[in-house]
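Numbering (the numbering used here), first residue to last: 877 to 1224. Note that beta-carbon positions come from the ideal geometry of N, C-alpha and C, so glycine has one too. All values reported here derive from a predicted model rather than from experimental measurement.
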Ligand SMILES: [Mn+2]
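Pasting the structure below:
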C-alpha cells in the first residue's frame, strides 16, 4: 500500500500495531541529527512495546540501496523494516520484508514501494522525519514523553533552532535552547567526521535522559562526540582555505579530506562567489572516488539541467540529482576528470 499525507499516520500506526510481540525490527536511518533522532524514537518505542529493534545507518560511502547495506540489514534477520529519513526512491530497500517508510524528501512520480509510505510533503510546514516519527508514535501505547526531545533534535537539525513547530518551542523551554543546539551539533559532527561512527551518536541519544546530558558531557559517548566535532571544525577551516580555479561560469574548489566536507565548503564559497556555480570536490573521503557538491545563487540557474546535459560525455547516468540550485554526487576519479574537462577546466 502506498499512501501519503496526514491520513497515512493511521495507516502507519496500524502497521506498527500489527508487529507481533518479540518481532525483530530493523531500523534503517539517515545518520544526521534528524535521522538519528527518528531512529532513537523508533528504538525506544519498539523496546517498550516488546519488540526487538536493530538500528543501522549506512556506513561511510555506503549506499542505502546497495548490496553491502542490504546484507547488514538482512543479517539482523528482520521480521519488518522501518526506513527513516532516507529519501524516497522507487525501489524497495529489502524486497519481501514488510516495510514502513517515514520521509520528508521529494517523492518519485513512480511512487515508493512500501507497505506504508508516510510522507510529510503534504503538511505545512513540512516536518522533519524525527518530528513525523514523534507524531506517529506519541499517540500509541507506550509512554514516550520522557524522550519527546528526540523529535525536536531532528527538527532543529534539518530546519534550525527556530524551526516553526510547537514541539520545538515547548522543548526549548523544557530543556534549554543551548542544550538542544549543542546536541544537534555533536550528532551532526559524528556523521561528518572521518570515522563516520554513527552507532555512537545514536547510543549517546539513547543514553541521555535529557539534552543537557549530551551538551554538558555526562553521557559515556561524550569524549567521542567532542573529538568528532574538533576534527570537523579543524577540517572545515582548512578545506575552506582552498584556492578556487575558474572556468567560465564555474568555480572549482578541490581538496582532500577524510571528513565529509564537500557540502560545507560549497556552502561557504557560494556566499563569496554568488555570480558563479561553485563546485566543491573532495578526493579524500572514500578511496578512488570524488565526492562533490554543486551550489549556486544565480537566479534562473538550473543545475540539474546543466549536469544532466553532461551525463553522456561523463558516462554518468545519475548525474544531476537534487535541486535546481543544489546538487552533487559521487564519481570514480576518472569520470570526475571527464566532468571537469567538459566544464573547460584544464588538468591540474
Ligand atoms: Mn531529515
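Between the beta-carbon of residue 975 and that of residue 991 there is about 6 Å, and that keeps the pair under the 8 Å contact cut. A Cβ-Cβ separation of about 2 Å places residue 1030 in contact with residue 1006 under the 8 Å criterion. For residue 1144, the enclosing alpha helix (DSSP H) starts and ends at 1138 to 1148. With 16 or more neighbouring CB atoms inside 10 Å of its own CB, residue 962 falls in the buried class. Contact between the stretch 1106 to 1115 and the stretch 930 to 941 is absent, with fewer than three C-beta pairs closer than 8 Å. In this chain, the alpha helix (DSSP H) harbouring residue 1053 covers 1053 to 1068.
Under the 10 Å beta carbon count, residue 1152 is surrounded by 16 or more other beta carbons and is classified as buried. The C-beta distance from residue 921 to residue 1013 rounds to 5 Å, short enough to fall under 8 Å.
Per the C-alpha coordinates, the member of 1150, 923, 997 positioned closest to residue 1175 is 1150.
Spanning the alpha carbons of residue 1055 and residue 1037 requires a straight line of approximately 11 Å.
If the five residues before and after residue 1040 are omitted, its C-beta is found closer than 7 Å to the C-beta atoms of 1001, all from its own chain and listed in chain order.
The beta carbon of residue 910 sits closer than 6 Å to the beta carbons of 961, 1004, 1005, 1006, 1030, 1033, 1034 from its chain, once the five residues preceding and following it are set aside; these are given in chain order.
Here residue 1207 is not near residue 1158, since their CB atoms are 8 Å or more apart. Around the CB of residue 1222, fewer than 16 other CB atoms lie within 10 Å, so the residue is classed as exposed. For residue 1046, the three-state secondary structure derived from DSSP is helix.
Around the C-beta of residue 945, 16 or more other C-beta atoms lie within 10 Å, and the residue is accordingly described as buried.
When beta bridges are read from the DSSP output, residue 1153 appears opposite 1126, 1172. In this structure, DSSP gives residue 979 an extended state, which the three-state scheme calls strand.
Judged by beta-carbon spacing, residue 927 lies beyond the 8 Å limit of residue 1016, meaning their Cβ atoms are not closer than that value. In the three-state reduction of the DSSP assignment, residue 1075 falls in the helix class, which pools H, G and I.
Inclusion of residue 1025 and residue 954 in the CB contact set at 8 Å is not warranted, their separation being larger than that value. In the DSSP assignment, residue 956 falls within the beta strand (DSSP E) that extends over 956 to 960. Ranking 887, 982, 1075, 993 by CA distance to the CA of residue 969 puts 993 first. Residue pairing by DSSP places residue 995 opposite 979 in a beta bridge. Secondary structure of residue 926 (DSSP, three-state): coil. Taken from the Cβ of residue 1021, every heavy atom of ligand 1 lies 7 Å or farther away.
Relative to residue 1085, the option among 1022, 1128, 894, 967 whose CA is nearest is 1022.
DSSP links residue 1158 through a beta bridge to 1131, 1167.
Contact annotation, residue 1200 with residue 1183: C-beta distance approximately 11 Å; criterion of less than 8 Å not satisfied.
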